[in-house]
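Asks: Protein chains in written order, with the numbering used here: chain W, 42 to 455; chain E, 42 to 455. Think of the CB as a built atom: it goes at the ideal place given N, C-alpha and C, for glycine as much as any other residue.
Number of protein chains: 2
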Amino acid sequence: MTATDLENGNNPGRQPSAGEAREFGAGEFGARLRRTRERMAERGLEALLVTNAANMHYLTGYDGWSFYVKQGVVVPADEHMQPFWFGRAMDRSGALLTTWLDPDNVYGYADEYLEMLGGDPMAFLSEHLAERGLSRCRLGVEMDNYWFSARDYLRLGRDMPDAEIVDATNLVNWVRSVKSAQEIQYMREAGRIIEGVMDTAIESIRPGDHERYAAARVLEAQIEGTEHFGGDFPAIMPLMPASRRAAAAHLTFASDRRYQSGDVVLLELAGCRHHYHAPMSRTVYLDTRERVPKRLMHIADTVLEALQSTLDYIGPGRTAADISQYWQECLAGSDVHKPSRLGYAYGMNYVPDWGEHTVSLHPSDQTELEPGMTLHVMPGIWEEALGFECSEPILVTEQGCERFADFPQKLFTL
Amino acid sequence: MTATDLENGNNPGRQPSAGEAREFGAGEFGARLRRTRERMAERGLEALLVTNAANMHYLTGYDGWSFYVKQGVVVPADEHMQPFWFGRAMDRSGALLTTWLDPDNVYGYADEYLEMLGGDPMAFLSEHLAERGLSRCRLGVEMDNYWFSARDYLRLGRDMPDAEIVDATNLVNWVRSVKSAQEIQYMREAGRIIEGVMDTAIESIRPGDHERYAAARVLEAQIEGTEHFGGDFPAIMPLMPASRRAAAAHLTFASDRRYQSGDVVLLELAGCRHHYHAPMSRTVYLDTRERVPKRLMHIADTVLEALQSTLDYIGPGRTAADISQYWQECLAGSDVHKPSRLGYAYGMNYVPDWGEHTVSLHPSDQTELEPGMTLHVMPGIWEEALGFECSEPILVTEQGCERFADFPQKLFTL
């Protein structure tokens with residue numbers, strides 16, 4: 042059976058069958074699981090409940106838009122036990138198709154367990170933990186995660202009175218923070234995609250045209266990818282506020298508005314390949330270079346110079362705090378201020394965030410950078426009346442850093 | 042100052058300024074707040090912490106892609122006190138631009154409070170609750186919500202030892218369940234959008250073409266909307282599994298695969314207008330009608346007849362359980378089985394779900410339907426080897442129900 046057979050749906054069996062389970066092969070998943078269990082051992086965990094959708098995908102290949110109901114992957118510390126997946130019964134087929142797990146480690150619950158029907162999916166989970174002798178274990182859970190609620194936590198405690206439930210938020214995220222060769226390959230491909238996406242965006246934004254048509258072109262380009270490989274939907278929808286809205290960080294397009302001459306348009310977009318991102322920001326001023334407001338040009342000049350210096354400074358052995366401090370020194374003496382963090386780790390993810398919630402380029406983060414870490418260096422400036430963004434997705438290498446995308450760093454004008 | 046001024050960014054002031062705050066006017070927001078406070082009074086709540094992004098938008102107009110960090114709206118029971126918004130400092134501008142709240146009720150926290158930097162955003166929140174004399178109150182929180190974590194709950198309890206924190210999950214969702222005239226108008230516009238989106242999808246799916254190009258066309262059409270009004274990104278990305286993947290409910294396109302003759306393609310898509318949805322499903326068989334597998338045609342015929350009967354049966358005064366039972370009676374005697382719920386309430390939403398988590402068309406739900414409720418009647422069938430979907434977004438009316446979209450109910454073939 043070949044990858045092409047699988048792609049074409051010719052696989053008569055069920056495992057391993059689709060998506061990443063095919064792409065990565067058992068070796069990649071084996072390494073991920075091993076590194077996860079090492080961290081579990083450091084924490085004395087006998088089992089880990091993984092509910093973060095990206096972490097579930099990372100460990101098993103699971104790839105369905107089903108995180109809006111309760112689901113998860115349980116990783117027993119015992120390396121002779123395979124992890125198991127649980128979720129809604131109708132999503133079990135998707136788990137069989139996309140994960141490398143044996144079918145008898147894929148459990149689907151009936152709708153009677155659904156939270157929105159008054160059910161208790163944690164009761165289903167605790168039954169399966171009990172079946173595996175994990176009722177009395179020290180169990181790590183992701184206490185700060187979108188897909189594991191406060192109610193889930195209280196119910197799990199009630200359903201497993203003999204277990205010790207401890208906080209293991211971001212344990213798998215930290216395993217993810219150093220990328221493998223295959224992951225870096227996907228992120229390079231995402232870099233090719235964002236180059237095309239950003240080109241499309243800048244060409245589509247014209248005075249008199251509806252904002253929504255530019256946004257539609259952007260999403261189209263994100264999904265189409267390149268001639269040679271496909272894109273995917275990003276974990277953050279296109280952020281492209283214009284005019285007054287360009288003073289804010291996380292607004293998107295205004296569906297019924299038309300661009301006007303003199304608009305500032307912020308573009309925070311990503312290329313995405315098999316859920317691996319290359320996020321990038323640029324800023325467009327909708328008039329000629331001569332008419333750019335002085336303040337905007339000043340911010341742009343200041344940020345672009347500081348960004349270039351900071352990229353040159355990034356490398357292994359330096360800490361996140363070092364990078365942040367260096368950046369602030371570049372700005373020192375100017376009247377441009379950046380009180381928020383300079384950037385963050387990112388990689389494979391689902392909505393609502395491509396950030397990994399591990400490394401932050403901030404004075405308080407003493408993490409030492411390692412080759413294989415990937416950062417979005419994001420010096421966004423949002424003042425009262427306008428904003429400016431120019432950011433780069435980078436890979437920490439043995440020597441310094443590599444930019445995933447090759448795109449001009451400048452303020453774009455008509 | 043006119044709506045056009047605001048759209049064009051000519052508003053020199055800050056409030057109320059953009060998005061829905063403009064569209065709905067104070068009357069709509071006033072009614073929403075009043076109905077929310079009525080439900081709070083029934084529960085004896087002195088304040089309500091709203092973290093669900095759709096609920097935040099519903100009550101204040103807030104419209105930013107910032108729910109990946111901690112934020113919320115606090116509604117005091119006291120009608121003389123305005124609600125307040127809190128979130129990350131860089132998102133405060135977006136809150137000032139999109140909500141009707143006075144600027145001194147919009148609080149932004151520095152990055153030092155960020156969860157991912159080891160901070161505690163709940164400490165920031167509890168300080169502001171204390172400032173308003175709400176330290177000792179009976180406080181409702183959304184215990185089962187994506188944007189309020191187990192850790193948040195524990196921290197809030199620690200930071201507010203004199204408060205009584207109780208579960209108010211879905212309180213605002215239930216207020217949302219009956220739509221206003223303006224909301225129904227948006228949903229009718231979303232209905233026009235989904236008609237075009239589904240047309241585009243069915244025309245774009247052809248043997249030999251890459252799945253990603255069809256998906257790109259779909260997203261493009263979702264954002265473009267119609268000639269007269271714009272679309273928006275839906276709360277669920279296009280679900281369009283093909284071939285073997287069409288046996289699963291919540292998979293999306295395969296980025297590098299090409300459609301083949303004989304593929305079954307499931308399409309669960311939505312039109313979206315100002316975050317109000319019109320979700321709809323259809324199924325395409327990629328060959329001529331004569332070559333449709335017998336089993337698939339049998340499922341289609343059975344489901345389509347039962348769906349039509351059930352739509353005729355839906356009306357006010359009947360319960361969700363009645364509808365579910367009627368549907369099951371339509372299937373009785375056939376060999377087509379639908380163990381999962383038949384549908385659910387939906388409306389305005391953000392990722393990851395357009396469902397409202399209130400009414401479910403399931404035997405256990407005794408909710409009586411009321412005019413103004415909106416349901417996605419979704420008889421999806423997923424068998425071992427294939428699936429079939431044909432669903433309708435509907436409005437419960439005084440007489441029965443109205444379909445939001447006018448689109449043929451059939452199995453589509455080449």
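Measure how close the beta-carbons of Ser-432 of chain W and Pro-420 of chain W come, nearest whole angstrom, since I'm counting them as under 8 Å.
Replies: In the first sequence, the residue the question calls residue 432 of chain W occupies position 391. In the first sequence, the residue the question calls residue 420 of chain W occupies position 379. Right, their Cβ atoms sit about 7 Å apart.
Asks: How many angstroms separate the CA atom of Tyr-99 of chain E from the CA atom of Leu-89 of chain E?
Replies: Working through the second sequence from its first residue, we reach residue 99 of chain E at position 58. Working through the second sequence from its first residue, we reach residue 89 of chain E at position 48. One C-alpha to the other measures close to 14 Å.
Asks: Measuring straight from C-alpha to C-alpha, what distance separates Gly-198 of chain E and Tyr-367 of chain W?
Replies: Counting from 1 along the second sequence, the entry for residue 198 of chain E is found at position 157. Counting from 1 along the first sequence, the entry for residue 367 of chain W is found at position 326. Those two C-alpha atoms are separated by around 39 Å.
Asks: Pull up the CB-CB distance for His-398 of chain E and Met-157 of chain W, whole angstroms please, since I reckon it's below 8 Å.
Replies: Here residue 398 of chain E refers to the residue found at position 357 when the second sequence is read from its first residue. Here residue 157 of chain W refers to the residue found at position 116 when the first sequence is read from its first residue. Contact holds; Cβ gap of about 5 Å.
Asks: Please identify the residue among E:Arg-298, E:Ile-234, E:Gly-249 whose C-alpha is closest to the C-alpha of Thr-267 of chain E.
Replies: Against the second sequence, residue 267 of chain E aligns to sequence position 226. The candidate whose alpha carbon is nearest that of Thr-267 of chain E is E:Ile-234.
Asks: Beta-carbon of Ser-245 of chain E versus every beta-carbon of chain W: anything under 8 Å?
Replies: Indexing the second sequence from 1 puts residue 245 of chain E at position 204. It does not; no Cβ of chain W falls within 8 Å.
Asks: Using a Cβ-Cβ cut-off of less than 7 Å, give me the residues of the stretch 165–184 of chain W that come near chain E, in sequence order.
Replies: Met-184
Asks: Let me confirm a value: Thr-101 of chain W is counted as buried when at least 16 other C-beta atoms fall within 10 Å, else exposed. Which label applies?
Replies: In the first sequence, counting from the first residue as 1, residue 101 of chain W sits at position 60. The residue is buried, with at least 16 neighbouring Cβ atoms inside 10 Å.
Asks: Among the residues of its own chain, which have a CB less than 6 Å from the CB of Asp-372 of chain W, if the five just before and after it don't count?
Replies: On the first sequence, residue 372 of chain W is found 331 positions in, with the first residue counted as 1. The amino acid at residue 372 of chain W is misidentified as Asp; the sequence shows Leu. Here the set comprises Ala-347.
Asks: Per the contact definition of three or more C-beta pairs closer than 8 Å, is the stretch 430–447 of chain E in contact with the stretch 315–324 of chain E?
Replies: yes
Asks: In chain W, what lies closer than 7 Å to Glu-265 of chain E by C-beta?
Replies: Sequence index remark: in the second sequence, residue 265 of chain E carries index 224 (1-based). The contacting residues are Arg-253, Tyr-254, Ala-257.
Asks: Residues of chain E with CB closer than 9 Å to the CB of Asn-93 of chain W, please, in chain order.
Replies: Taking the first sequence and counting its residues from 1, the one referred to as residue 93 of chain W is at position 52. Under the 9 Å cutoff, chain E gives no residues; its nearest Cβ is about 11 Å from Asn-93 of chain W.
Asks: Whose Cβ in chain W lies nearer than 7 Å to the Cβ of Met-157 of chain E?
Replies: Here residue 157 of chain E refers to the residue found at position 116 of the second sequence. The answer, in chain order, is His-398, Ser-401.
Asks: For a contact meaning CB atoms closer than 9 Å, what does His-98 of chain W contact in chain E?
Replies: In the first sequence, the residue the question calls residue 98 of chain W occupies position 57. Chain E residues near His-98 of chain W: none, gap ~13 Å exceeds 9 Å.
Asks: Taking Ala-289 of chain W as the query, report the chain E residues whose CB atoms sit under 9 Å from its CB, ordered along the chain.
Replies: Stepping through the first sequence from its first residue, residue 289 of chain W is reached at position 248. Chain E residues near Ala-289 of chain W: Gly-105, Met-131, Asp-132, Arg-133, Ser-134, Gly-135, Ala-136, Leu-137, Leu-138, Thr-139.
Asks: Starting from the beta carbon of Met-278 of chain E, find every residue of chain W whose beta carbon is closer than 7 Å, and list them in chain order.
Replies: For the purposes of this step, residue 278 of chain E is identified with residue 237 of the second sequence, where counting begins at 1. Here the neighbours are Trp-106, Phe-274.
Asks: Indicate whether at least one CB of chain W lies closer than 8 Å to the CB of Ser-190 of chain E.
Replies: Here the question's residue 190 of chain E lines up with position 149 in the second sequence. Output row for Ser-190 of chain E: interface = yes.
Asks: Have a look at E:Glu-411, E:Tyr-326, E:Asp-145 and flag the residue whose alpha-carbon is nearest the alpha-carbon of Met-122 of chain E.
Replies: Reading the second sequence from its first residue, position 81 is the one you call residue 122 of chain E. Ranking E:Glu-411, E:Tyr-326, E:Asp-145 by Cα distance to Met-122 of chain E puts E:Asp-145 first.
Asks: Return the residue from the list E:His-315, E:Asp-297, E:Ala-151, E:Asp-152 that minimises the CA-CA distance to Ile-225 of chain E.
Replies: Residue numbering aside, residue 225 of chain E sits at position 184 when the second sequence is read from its first letter. Taking only the C-alpha atoms, the option nearest Ile-225 of chain E is E:His-315.
Asks: Would you verify that the beta carbon of Gly-271 of chain E is, or is not, closer than 8 Å to some beta carbon of chain W?
Replies: Here the question's residue 271 of chain E lines up with position 230 in the second sequence. Chain W, which has a Cβ nearer than 8 Å to the Cβ of Gly-271 of chain E, makes this yes.
Asks: State yes or no: is the beta carbon of Tyr-109 of chain E nearer than 8 Å to at least one beta carbon in chain W?
Replies: The residue you call residue 109 of chain E lines up with position 68 of the second sequence. Taking Cβ atoms only, chain W reaches closer than 8 Å to Tyr-109 of chain E, which makes this a yes.
Asks: Excluding the 5 residues preceding and the 5 following Leu-383 of chain W in the sequence, name in chain order all residues of the same chain whose CB lies nearer than 8 Å to its CB.
Replies: Here residue 383 of chain W is taken as the residue at index 342 of the first sequence, counted from 1. Same-chain partners within the cutoff: Thr-351, Ile-364, Ser-365, Trp-368, Leu-402, His-403, Val-418, Met-419, Pro-420.
Asks: Rounded to a whole number of angstroms, what is the C-alpha to C-alpha distance between Arg-63 of chain E and Glu-439 of chain E?
Replies: Numbered from its first residue, the second sequence carries residue 63 of chain E at position 22. Numbered from its first residue, the second sequence carries residue 439 of chain E at position 398. Low per-residue confidence applies at Arg-63 of chain E: pLDDT is 47, beneath 50, and the placement is therefore not dependable enough to give any value.
Asks: Can you check whether the C-beta of Arg-63 of chain E is within less than 8 Å of a C-beta belonging to chain W?
Replies: Within the second sequence, numbered from 1, the residue matching residue 63 of chain E stands at position 22. Unreliable placement is indicated for Arg-63 of chain E, whose pLDDT of 47 sits below 50; no coordinate value is reported for it.
Asks: Less than 6 Å between C-beta atoms, sequence neighbours within five positions excluded: which residues of the same chain meet that for Ile-340 of chain E?
Replies: The residue you call residue 340 of chain E lines up with position 299 of the second sequence. Counting only Cβ-Cβ distances below 6 Å, and skipping sequence neighbours, we find Val-377, Ile-422, Phe-429.
Asks: So Gly-271 of chain E is in the beta strand (DSSP E); what residue range does that whole segment cover?
Replies: Along the second sequence, read from residue 1 onward, the residue named residue 271 of chain E stands at position 230. No beta strand (DSSP E) contains Gly-271 of chain E, which DSSP labels as neither H nor E.
Asks: Helix, strand or coil for Met-239 of chain W per DSSP?
Replies: Taking the first sequence and counting its residues from 1, the one referred to as residue 239 of chain W is at position 198. Of the three classes helix, strand and coil, the one that applies to Met-239 of chain W here is helix, per DSSP.
Asks: For the candidate residues E:Glu-153, E:Gly-135, E:Arg-177, E:Trp-215, whose alpha-carbon lies nearest to that of Asp-203 of chain E?
Replies: Walking along the second sequence from the start, residue 203 of chain E turns up at place 162. It is E:Arg-177.
Asks: I want to know whether the stretch 157–171 of chain W touches the stretch 159–170 of chain E - three or more CB-CB distances under 8 Å.
Replies: No contact exists between the stretch 157–171 of chain W and the stretch 159–170 of chain E.
Asks: Could you tell me whether any Cβ in chain W is nearer than 8 Å to the Cβ of Trp-423 of chain E?
Replies: Position 382 of the second sequence, counted from the first residue, corresponds to residue 423 of chain E. Yes, because at least one Cβ of chain W sits closer than 8 Å to the Cβ of Trp-423 of chain E.
Asks: Given that a residue counts as buried once 16 or more other Cβ atoms are within 10 Å of its Cβ, and exposed if not, what is Glu-425 of chain E?
Replies: In the second sequence, the residue the question calls residue 425 of chain E occupies position 384. By the neighbour-count rule (16 or more Cβ atoms within 10 Å), Glu-425 of chain E is not buried but exposed.
Asks: Would you say Val-238 of chain E faces chain W, with C-beta separation under 8 Å as the test?
Replies: Reading the second sequence from its first residue, position 197 is the one you call residue 238 of chain E. Against chain W, the CB of Val-238 of chain E has no partner CB under 8 Å away; the residue lies outside that interface.
Asks: In chain E, what lies closer than 9 Å to Asp-406 of chain W by C-beta?
Replies: To locate residue 406 of chain W, count along the first sequence from 1; it is residue 365. Going along chain E in sequence order, the residues near Asp-406 of chain W (Cβ under 9 Å) are Leu-158, Gly-159.
Asks: Using a C-beta to C-beta distance shorter than 9 Å, which residues of chain E count as neighbours of Ser-296 of chain W?
Replies: Here residue 296 of chain W refers to the residue found at position 255 of the first sequence. For Ser-296 of chain W, the neighbours in chain E by C-beta distance under 9 Å run, in chain order, Ile-264, Gly-266, Phe-270, Gly-271, Gly-272, Asp-273, Arg-314, His-315.
Asks: In three-state terms, what does DSSP make of Cys-442 of chain W?
Replies: By 1-based counting over the first sequence, the position of residue 442 of chain W is 401. Three-state result, Cys-442 of chain W: strand.
Asks: Looking at the unbroken beta strand (DSSP E) that takes in Asp-208 of chain W, where does it start and where does it end?
Replies: Position 167 of the first sequence, counting from 1, holds the residue named residue 208 of chain W. Where Asp-208 of chain W is concerned, the enclosing beta strand (DSSP E) stretches over 205–208.
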